[in-house]
Structure formats: C-alpha cells, structure tokens
Amino acid sequence: MKVSRELYSDMQNQVAPKSKSYKNIPLAFVIGGLICVIGQLLISMFMSFDFEQKEASAWASIILVGASALFTGLGLYEKIAKHAGAGTLVPITGFANSISSSALEFKSEGFILGVGAKIFTIAGPVILYGTTASIIFGLIYYFIR
Amino acid sequence: MSNGIKRLQTPVSILSYASVVGKKEGEGPMNSYFDKIFDDSYLGEDTWEKAESKLQQTAVLTALEKADLLPENIDLIFAGDLINQCTSSTFGLRPLEIPFLGIYGACSTMAEGLITGSIAMSAGVGEKIVATTSSHFSTAERQFRFPLSYGGQRTPTSQWTCTASGAIVLTKDVQFPQVTGFCIGKITDLGVTDANNMGAAMAPAAADTLVRWFNETGNKPEQYDAIVTGDLGIIGSELFCDLVMKQGYDVTSVHKDCGVMIFDPETQDTHAGGSGCGCSASILCGYFLPKLRTGELCRILFLATGALMSPTLTQQGESIPSISHLVELIGTVNKT
Amino acid sequence: MIMDCILAFIFGGLLCAIGQVLIDYTKLTPARILTGYVVAGVILSAVGLYPKFVEFAGAGATVPLTGFGNLLAEGVREAIDEKGFLGVFTGGLTAGAGGIAAALLFGLIISLIFKPKDK
C-alpha cells in the first residue's frame, strides 16, 4: 500500500518521543529563578552604594551580561543551558549568550564580515521587534496622552 | 537496468576501506572497530572546516595505505560531504592530485559514491577507484543550526552529526567483499518539515528504495544477514520498519541502523542517534566491510539515507525531500 | 532583602517555566520565544501592568527579557514626556543601551580571547 502524507503524519505522532517536561519545567524554573536572585542581590548591592533603583538595575544587567559572555567563552553556558532550557534562555543572560556565541563562532571568518556581521544573527530579531514595538507604543502614547 | 535498479553481471570488488572518527564517536559502543580516533576535534587545524577536510583526507590515505597504494595509483575518486559546495572534499583532497568527481547526496553520499564508483569501474574508466565522504559535528552545526556555544536545548527527535569519515577503494581485480547490485533512490517527501526530525524525514526514502529492490529482484529479507540503513536513528528506524511492513516485507529482525549503532543514547546524550555522511560511512567501513571480508556476514544491503535540505529552504517553510540509495554487498563465503 | 530574593526567585522562575512550556509543547524556536517575550514586555508595559510587576517582583521582573521590553517602553514614555515627539524614536534604544552595549562589547572581547569549543 502507498502511504499518504496524512497517514505518515499519524505514524510519526505515535512514535515521537515526548519532551521530558516533568524534568525540564522545574529545572527551567529553578535555574531561571536563581539567575534572577543573583540579579536581585546585585541590585541590592548597588542600591546600598546609593545608586537609584533604575541605575542599580542597569548595573546588575551589565554584570549579568558580562558573566554570561564569560561563561559562553569558557564553553560553560551551553552546558548549563542543555539542562536549564528556558531557564537560561529567558533571562538577559540568554540574550548575551546569543550575542557572544555568534561573535565567537564567526571569528573564523574574520572580524568584519565574520564577527561584525554575524553578531546579531540570533539577537537581531529581539532588538528589531522590541524597538519597533516600543515605537508603535510611543506613537500611540504621544497622541493619546 | 530498469527504474534505477541494476544487478551487476560482473561484481565490483572492494580492495580496501578505512574509517576515521572523532572523540565522541571513539567513546561510543563501536570504538574498537575504527581505524583511527582523533581526540582533538580540530585535528590540529585552526577552523572546523579545515578539520573536516583533514578528516576526509586521513580516511582516504588510510584506505590507500592499507592496500599499499599511493594517490598516483588511483584513477578516479568520487567524494562529497555536507558543507556548502562540498568544500570538505575539495579542500581535503586537493593535495592528493587524484582525478576527482564531486557528488552530493547529503548523508547518502557513501552509497552514492559506491554506486557511481561501481558504474565507472564497470564502464572500464579505471582500475582503482575511490569513494569517500565525511561529516563533522561542528561544521554541520554551524551551517545548519546554531553557533556551538549557543545555549539551545536539543529536541528529543534531534540527531547528533558524527565527526567521522569513511573511504573505500574499488578494484578491477577479484576480491571480497563485492558490490553485486544497486538501486538508485528517488527523491521522496512525505511532508516532514521539522529539521530536528531527520530520521522521520528520511525513513520513507529508505523504505521506498528497499521495497522497490525486493519487488524488482524477487529477493526476500531472509536472504540477507543484515539490512543496514544509514542514519535513520531510533525514531526513523521504527518508522522505516513500519513503512516496509505496510508494503509486505518484515525486516525488523535483520534491520540495523548505523545512526543507532554509533552512539549510546543513555550515556552520550545523543537523543535519537547519530547522523551525517560520516556516520554510515564509518560504520560500513569499520564494522560491516571487515565482517564481510572475514565471512562472518555473507550478504547485506546497505541503504545510506540523505535529507536533501538547506537552512534557506527550511526557513521558507518547505518540507524535507530525502533520498536513499541501496547497495548489495557480498562477503567472502559466497566465493564460487 | 531575603523577601526580595524570594519574590525574584518565584516570579523570575515562573517566567522561565512559561518559556519552557512554550519550548516543550509548541513548535516555537528559541529565537521566536525571545522575540515574543520582548514584544510582550513592551505591550504589558504600555498598558501599565509591567511597572507594577517590577515594583514587587524586582529582579524577577527586570532580568527576564520581558523586563527588557518594559525598559524600552518605559524609556519611550519618559522621553516623550521630556522631549516630545522625538522621544518616540530616541526613548527605547536609549533606555536599553546599557544592556545592548554591554552585550556587544563583551561579545567582541570573548571572540578575541576564546576559540569555539566542541561539544
């Protein structure tokens, strides 16, 4: 008998292994939560040095980004991410990892068209659509405020 | 020859073969079968692309060395790989100065090379012809997926591209093992769009080729000691056996898959198994051909499987067309 | 401070757990999920919810990428209040500049120092 695309799709669903969500979700929660706790500790530290809330928060982000880049360079970030999944993807450290891993990866093609051009391969859409959304919001806000 | 199927009047003999692999493959269940295991994934080079080129070159040189041959003794080489414009082959083989024909069949390249090599041999193009292919985890990863140090989670259906290469020297003299027939695959597509589920995409191609072979030749699965698929992996293998069963042949007891054999999914975290041109090439050259030579295996079918996709077409939402070529091989016992 | 940390852990963890649900149960790729988070952050901030969330969840709200979206939207709001229409364009990236500039600089430094490693 000839197997149709529909039948084959059913066959695939029967054998497809499920993601181990019972493990993945708690791990994402715990590791993502811990990264946020580190962020909170950094914010508290900077606030104790008399920075205002927003400045302290910005400094905390910069330090998290730096640590993430270092872990990426040492090859540790992806080792943690393999288990943490969204726990290392969703925090700002995941954004930094996507930038530094692209930069590192395309070093072999040179610093202009390799690192320079490819650094935004994964992070580009985040900046593009984040900025666009904020501009759309800005237009609405400007006219209705 | 009809519909891509050919039984060779004069079989084509295999003189020599070699398999070289990377560290992870060398730590897997098949580690004692390979000729060379490189512990350094860069093979002493400074980029992944150069490393794969060297891997393929090493496989060819090792196969030649095992038969006391030099590159100048080779009349023609068929080679291909996964990297854009088949550069692992062209750059790796550049210093050998062997007449070269590049081929592309994604992970089915080893079978494609054996078939084109056998055709060339039968046509009297040369006396010593080489077929080779390679793949490297890191070159494939950066071309098809994400940067190596990017923290993404692999899906349970994903397969691990092997850092591996295999090379086979065909000869005009009578030797065993021999290529006794082949079936050229058709481009098959049952609509799988998930590039992380290559086994499922390729299984229909392998099933189609195998069923066509059985129907055309009248042979039965029981006549083979092993029916070896390339890199369907755990999920693809199950689908392959199902598909073949639906068409009236039960191959479950003789089916082996190189992608399943090369890694231990429990300890090596390879999910659905190995993949890549080098996966089936290194297992064929390291495990099956030696067993055919000693006579431990009499007759096998080798069906390397390839997913003919590119990141561009996947991003355009296309499904993944696949192909599988079949080669019939006989061992020493069949000497008559 | 301990209470702040607990709140950051719970809400930051929850945002990550939602991301994991999206990975496991939908066909969304990580890049799409991140983009979705940032845009969601902008929208939630635009309707005024996210700044309140930041007030009690602290880093649990600012560290996930939705916080980055919030930062962009807040920046636009403040810039418009100060500079008028120009703020529509300058507000977002100015507010997000710290994180983006740091990620770029550190990325470049990392690419100078290290070599990609095999898995």
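Chains as they are written, first to last, in this note's numbering: chain A, -6 to 138; chain B, 2 to 337; chain C, 1243 to 1361. The beta-carbon is built from N, C-alpha and C at its ideal position, and this holds for glycine as well. If you're wondering where the values come from, they're calculated on a predicted model, not measured in any experiment.
Next item on the list: Could you tell me whether the Cβ of Leu121 of chain A comes closer than 9 Å to any Cβ of chain B?
Entry: The sequence position of residue 121 of chain A within the first sequence is 128, counting from 1. Chain B contact via Cβ: absent.
Note to self: Just to confirm the assignment, what range does the alpha helix (DSSP H) spanning Lys247 of chain B have?
What the structure shows: Locating residue 247 of chain B in the second sequence gives position 246, counting from the first residue. Residues 234 to 247.
Next item on the list: Give a yes or no on whether 9 Å exceeds the smallest Cβ distance from Pro1358 of chain C to chain A.
Entry: Reading the third sequence from its first residue, position 116 is the one you call residue 1358 of chain C. Judged by the 9 Å Cβ criterion, Pro1358 of chain C is in contact with chain A.
Checklist line | Beta-carbon neighbours of Ser150 of chain B, restricted to chain A and to distances below 8 Å | finding: For this step, residue 150 of chain B is matched to residue 149 along the second sequence. Those within 8 Å of Ser150 of chain B in chain A are Thr65, Gly66, Gly68, Tyr70, Glu71, Asn90, Ser93, Ser94, Leu97, Glu98.
Margin query: What does the alpha-carbon distance come out to for the pair Ile15 of chain B and Ala110 of chain A?
Written below: Against the second sequence, residue 15 of chain B aligns to sequence position 14. Against the first sequence, residue 110 of chain A aligns to sequence position 117. Spanning the two alpha carbons is a distance of roughly 47 Å.
Note to self: Would Ser254 of chain B and Val21 of chain B qualify as a contact pair, given that the criterion is a beta-carbon distance under 9 Å?
What the structure shows: Sequence index remark: in the second sequence, residue 254 of chain B carries index 253 (1-based). Sequence index remark: in the second sequence, residue 21 of chain B carries index 20 (1-based). Their beta carbons are not under 9 Å apart, which means Ser254 of chain B does not touch Val21 of chain B by this criterion.
Margin query: Tell me the rounded alpha-carbon separation between Leu102 of chain B and Ile78 of chain B.
Written below: As a working note, residue 102 of chain B is residue 101 in the second sequence. As a working note, residue 78 of chain B is residue 77 in the second sequence. Each residue's alpha carbon lies about 6 Å from the other.
Note to self: If you follow the beta strand (DSSP E) that Val170 of chain B is in, where does it begin and where does it stop?
What the structure shows: Counting from one through the second sequence, the residue named residue 170 of chain B turns up at place 169. Taken as a continuous stretch (DSSP letters only), the beta strand (DSSP E) holding Val170 of chain B covers 165 to 172.
Note to self: On the CB-based measure, 16 or more other CB atoms within 10 Å of its CB, does Arg143 of chain B come out buried or exposed?
What the structure shows: Working through the second sequence from its first residue, we reach residue 143 of chain B at position 142. Result: buried.
Notebook entry, point to check: What is the rounded straight-line gap between the Cα of Lys47 of chain A and the Cα of Ala126 of chain A?
Noted result: The residue labelled residue 47 of chain A in the question sits at position 54 within the first sequence. The residue labelled residue 126 of chain A in the question sits at position 133 within the first sequence. For Lys47 of chain A and Ala126 of chain A, the distance between alpha carbons rounds to 22 Å.
Notebook entry, point to check: Phe39 of chain B touches chain D at which residues, Cβ-Cβ below 7 Å?
Noted result: Chain labels in this structure do not include chain D; the protein chains are A, B and C.
Next item on the list: Quick one: list the residues of chain C neighbouring Asn199 of chain A, beta-carbon separation under 8 Å, in chain order.
Entry: Residue 199 of chain A is absent from the model: chain A starts at -6 and stops at 138.
Next item on the list: Quick one: residues in its chain with C-beta nearer than 7 Å to the C-beta of Ser320 of chain B, no 5 flanking neighbours on either side, listed in chain order?
Entry: Along the second sequence, read from residue 1 onward, the residue named residue 320 of chain B stands at position 319. Same-chain partners within the cutoff: Asp190, Gly192, Val193, Thr194.
Notebook entry, point to check: Excluding sequence positions up to five away, which residues of its chain have a Cβ less than 8 Å from the Cβ of Thr337 of chain B?
Noted result: Numbered from its first residue, the second sequence carries residue 337 of chain B at position 336. Low confidence applies here, because Thr337 of chain B scores a pLDDT of 46, under 50, leaving its location unreliable; read the following figure in that light. None.
Check: Under three-state DSSP, which class holds Arg300 of chain B?
Finding: For the purposes of this step, residue 300 of chain B is taken as residue 299 along the second sequence, with counting starting at 1. Residue state, collapsed to three classes: strand.
Note to self: In this structure, how does DSSP classify Thr230 of chain B when only helix, strand and coil are distinguished?
What the structure shows: In the second sequence, the residue the question calls residue 230 of chain B occupies position 229. DSSP places Thr230 of chain B in strand when its eight states are reduced to three.
Next item on the list: Determine the contact status of Leu115 of chain B and Ala132 of chain B, defining contact as a CB-CB distance below 9 Å.
Entry: As a working mapping, residue 115 of chain B is identified with position 114 in the second sequence. As a working mapping, residue 132 of chain B is identified with position 131 in the second sequence. Closer than 9 Å, so yes.
Notebook entry, point to check: If Ala1301 of chain C sits next to Ala53 of chain A, beta carbons under 8 Å apart, how far is it from one beta carbon to the other, in whole angstroms?
Noted result: For the purposes of this step, residue 1301 of chain C is taken as the residue at position 59 of the third sequence. For the purposes of this step, residue 53 of chain A is taken as the residue at position 60 of the first sequence. With a Cβ gap of about 7 Å, Ala1301 of chain C and Ala53 of chain A count as contacting.
Check: Can you tell me whether DSSP reads Tyr250 of chain B as helix, strand or coil?
Finding: Mapped onto the second sequence, residue 250 of chain B falls at position 249. If DSSP states are grouped into helix, strand and coil, Tyr250 of chain B belongs with coil.
Item checked: Contacts of Pro1272 of chain C in chain B (Cβ-Cβ under 7 Å) -> Indexing the third sequence from 1 puts residue 1272 of chain C at position 30. Within chain B, the residues near Pro1272 of chain C are Gly153.
Next item on the list: Note down, in chain order, each residue of its chain lying with its Cβ closer than 6 Å to the Cβ of Leu97 of chain B, except the 5 sequence neighbours on either side.
Entry: For the purposes of this step, residue 97 of chain B is identified with residue 96 of the second sequence, where counting begins at 1. The answer, listed in chain order, is Pro72.
Check: Within the chosen definition, does the region 245 to 252 of chain B reach the region 309 to 323 of chain B through at least 3 CB pairs nearer than 8 Å?
Finding: no
Item checked: Near-chain A residues of the region 225 to 250 of chain B - C-beta to any C-beta below 7 Å -> Ile236, Glu239, Leu240, Asp243, Leu244, Lys247, Gln248
Next item on the list: Output yes if chain C places a C-beta closer than 9 Å to the C-beta of Gly27 of chain B; else output no.
Entry: As a working note, residue 27 of chain B is residue 26 in the second sequence. It does not; no Cβ of chain C falls within 9 Å.
Item checked: Cβ neighbour criterion (16 or more within 10 Å) applied to Phe42 of chain A -> Position 49 of the first sequence, counted from the start, is the residue given in the question as residue 42 of chain A. By the neighbour-count rule (16 or more Cβ atoms within 10 Å), Phe42 of chain A is not buried but exposed.
Next item on the list: Could you tell me which chain C residues have their CB closer than 8 Å to the CB of Pro84 of chain A, listed as they occur along the chain?
Entry: Taking the first residue of the first sequence as position 1, residue 84 of chain A is located at position 91. Going along chain C in sequence order, the residues near Pro84 of chain A (Cβ under 8 Å) are Gly1254, Cys1258, Val1305, Pro1306, Leu1307.
Check: Is it a yes or a no for the region 293 to 306 of chain B touching the region 175 to 191 of chain B, going by three-plus beta-carbon pairs under 8 Å?
Finding: yes
Note to self: Using 9 Å as the threshold, is the C-beta distance between His326 of chain B and Phe92 of chain B below it?
What the structure shows: As a position in the second sequence, residue 326 of chain B is number 325, starting the count at 1. As a position in the second sequence, residue 92 of chain B is number 91, starting the count at 1. Taking 9 Å as the Cβ cut-off, His326 of chain B and Phe92 of chain B do not qualify as a contacting pair.
Checklist line | Helix, strand or coil at His256 of chain B according to DSSP, with G and I counted as helix | finding: By one-based count along the second sequence, residue 256 of chain B stands at place 255. His256 of chain B falls in the strand class under three-state DSSP.
Next item on the list: With Gly219 of chain B as the anchor, note down where its beta strand (DSSP E) starts and where it stops.
Entry: Taking the first residue of the second sequence as 1, we reach residue 219 of chain B at position 218. No beta strand (DSSP E) holds Gly219 of chain B; DSSP gives it neither H nor E.
Notebook entry, point to check: Between which two residues does the alpha helix (DSSP H) harbouring Cys280 of chain B extend?
Noted result: Sequence index remark: in the second sequence, residue 280 of chain B carries index 279 (1-based). Note, Cys280 of chain B: alpha helix (DSSP H), 278 to 284.
Next item on the list: Give a yes or no on whether the minimum CB-CB distance between Gly87 of chain A and chain B is below 9 Å.
Entry: Walking along the first sequence from the start, residue 87 of chain A turns up at place 94. By this cut-off, Gly87 of chain A is an interface position.
Notebook entry, point to check: Are any of the Cβ atoms in chain A nearer than 9 Å to that of Lys1361 of chain C?
Noted result: Counting from 1 along the third sequence, the entry for residue 1361 of chain C is found at position 119. Yes, Lys1361 of chain C counts as interfacial toward chain A.
Next item on the list: Indicate whether at least one CB of chain B lies closer than 9 Å to the CB of Ile115 of chain A.
Entry: What you label residue 115 of chain A is simply residue 122 of the first sequence in a count that begins at 1. Closer than 9 Å to some Cβ of chain B, the Cβ of Ile115 of chain A qualifies, so yes.
Check: By the criterion of Cβ-Cβ separation under 7 Å, what are the contact partners of Ser42 of chain B in chain C?
Finding: Taking the second sequence and counting its residues from 1, the one referred to as residue 42 of chain B is at position 41. Those within 7 Å of Ser42 of chain B in chain C are Asp1360.
Notebook entry, point to check: Where does Gly152 of chain B fall in DSSP's three states?
Noted result: As a first step, residue 152 of chain B must be located in the second sequence, where it is residue number 151. Coil.
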